[in-house]
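Reviewing the structure listed below.
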Amino acid sequence: LFIYMGHMFAKSGIADDLYRMFHVWSGSLKGGLAIGTIGLMAAIAAMNGLSVAGMAIGATLALPEMLKRKYDKVMITGVIQAGSSLGIMIPPSVVLVLYGMIARQPVGRLWMAGLFPGLLMAVMFIIYIFIRCRLQPHLGPPLPPEELKAITWGEKLRLLRAGIVPLVIIFMMTGLFLMGITSLVECAAVGATATTIAALVNRRLSWKVMNGVNGVASFDSADSIACVRASIPVAAVRLGGNFTVIFGSTIAMFARTLEKAALTRSSG
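As numbered in this note's numbering, residues 1 to 268 make up the sequence shown, in order.
Following this line, the structure appears as structure tokens:
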């Protein structure tokens, strides 16, 4: 459901509004589009929980805009790569959910532990971009004056209102879980439902969007599980040693135990 929420966020155009909001409000700064890209990637991480999906969505929206404004290509690559890494730390991180299942640790505590470092990383990225582009303006030039004049205050306020919607969904979803009001599954359901309703209210929900989101979300979910399963034997071969093999076997046994428990519960 977290993966579904992230792709609904992107395919319904809500992510476009959010990036456009960062675009018009930070575009006058040197490196403003790069700063806005970090903000967008942090929001995507908070709605998706996957670094790969964040990179794909961020690159689709931000890459053409920064290339069009003649940003340095190394800067563009670094910004997108760094921003996508936030998905590992910022809740609802799928990596922390899987780690909590394996290590038998509460997911809520892991999310709390990852929230501040993840946001701190985003702030540090923004500070670095700001300072670097102040010292070397050619790396991230601001928007041209004529383009800035074309942006009215009415458009700025409209985009600010549209961009706040996903942020409200993020804080509502995460806050309900961290306060103990909802479980992990209920938290994901709240976020997925709220994102779908937001797309419906904005008149951007269609059968084409639903089919695309469901297909990509299913593929990403299966891909994530396959990557975790494949990493166990790869780690055993690459690192070697009996301890690694035993550790991998223990994780596999734990996964089978969870599967048996789920089957028993469903049959009962």
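Just so you know, even glycine gets a beta-carbon here, dropped at the ideal spot from N, CA and C. Predicted model, so just to flag it, every value in this text is computed and none were measured.
Asked: Could you tell me the boundaries of the alpha helix (DSSP H) in which THR174 lies?; Found: 153-178
Asked: So, at 6 angstroms on beta carbons, what are the nonlocal neighbours of ALA82 in its own chain, with the 5 sequence-adjacent residues on each side left out?; Found: PHE125
Asked: Among ILE169, CYS187 and VAL168, which residue has its Cα nearest to the Cα of PHE177?; Found: CYS187
Asked: Hey, is the region 122-140 in contact with the region 31-48, meaning 3+ C-beta pairs nearer than 8 angstroms?; Found: yes
Asked: Looking at the secondary structure, which residues open and close the alpha helix (DSSP H) in which ILE126 lies?; Found: 107-135
Asked: Using a 10 Å radius around the Cβ and a threshold of 16 neighbouring Cβ atoms, would you call ASP220 buried or exposed?; Found: Bear in mind that the predicted position of ASP220 carries a pLDDT of just 47, short of 50, making it unreliable; the figure below should be weighed with that in mind. That one is buried.
Asked: CB ILE76 to CB LEU67, shorter than 9 angstroms?; Found: yes
Asked: LEU120: buried (16+ other C-beta within 10 angstroms of its C-beta) or exposed?; Found: exposed
Asked: Excluding the five sequence neighbours on either side, which residues of its own chain have a C-beta within less than 7 angstroms of the C-beta of MET41, listed in chain order?; Found: GLY54, GLY58, GLY83, SER84 and LEU86
Asked: For the candidate residues ALA162, MET173, ALA194 and SER183, whose alpha-carbon lies nearest to that of GLY13?; Found: ALA162
Asked: Terminal residues of the continuous alpha helix (DSSP H) containing SER85?; Found: No alpha helix (DSSP H) holds SER85; DSSP gives it neither H nor E.
Asked: Under the three-state reduction of DSSP, which class applies to ARG20: helix, strand or coil?; Found: helix
Asked: Measure from the alpha carbon of ARG134 to the alpha carbon of each residue in ASP72, LEU29, MET5 and GLY154, then state which is nearest.; Found: LEU29
Asked: Thinking C-alpha only, which one of TYR128, ILE90 and MET179 is nearest PHE116?; Found: ILE90
Asked: Looking at C-alpha atoms only, which residue of ILE88, GLN105 and VAL107 is the closest neighbour of ALA269?; Found: There is no way to answer for residue 269, as the model of the chain reaches only from 1 to 268.
Asked: Just the Cα atoms here: how many angstroms apart are THR182 and GLY191?; Found: 11 angstroms
Asked: In or out: ARG203 buried (at least 16 other Cβ within 10 Å) or exposed?; Found: exposed
Asked: Please report how far the alpha carbon of LYS156 lies from the alpha carbon of MET101, in whole angstroms.; Found: 43 angstroms
Asked: Can you grab the Cα-Cα spacing for the pair ILE80 / PHE9, in whole Å?; Found: 18 angstroms
Asked: Would you grab the beta carbon distance between GLY108 and SER93 for me? Rounded to a whole angstrom, and I think it's under 8 angstroms.; Found: About 12 angstroms; that fails the 8 angstroms criterion.
Asked: Between the Cα of ARG132 and the Cα atoms of VAL74, THR195 and TYR19, which residue gives the shortest distance?; Found: VAL74
Asked: I need the straight-line Cα distance from ASP17 to LEU159, nearest angstrom please.; Found: 6 angstroms
Asked: Which first and last residues belong to the alpha helix (DSSP H) in which LEU148 is found?; Found: 145-150
Asked: Output needed for LYS70: all residues of its chain with C-beta closer than 8 angstroms, excluding positions within five of it in sequence on either side, in chain order.; Found: PRO141
Asked: When you compare only the Cα positions, how much space is there between TRP111 and TYR99?; Found: 11 angstroms
Asked: Quick one, are the C-beta atoms of MET47 and ILE170 less than 9 angstroms apart?; Found: yes
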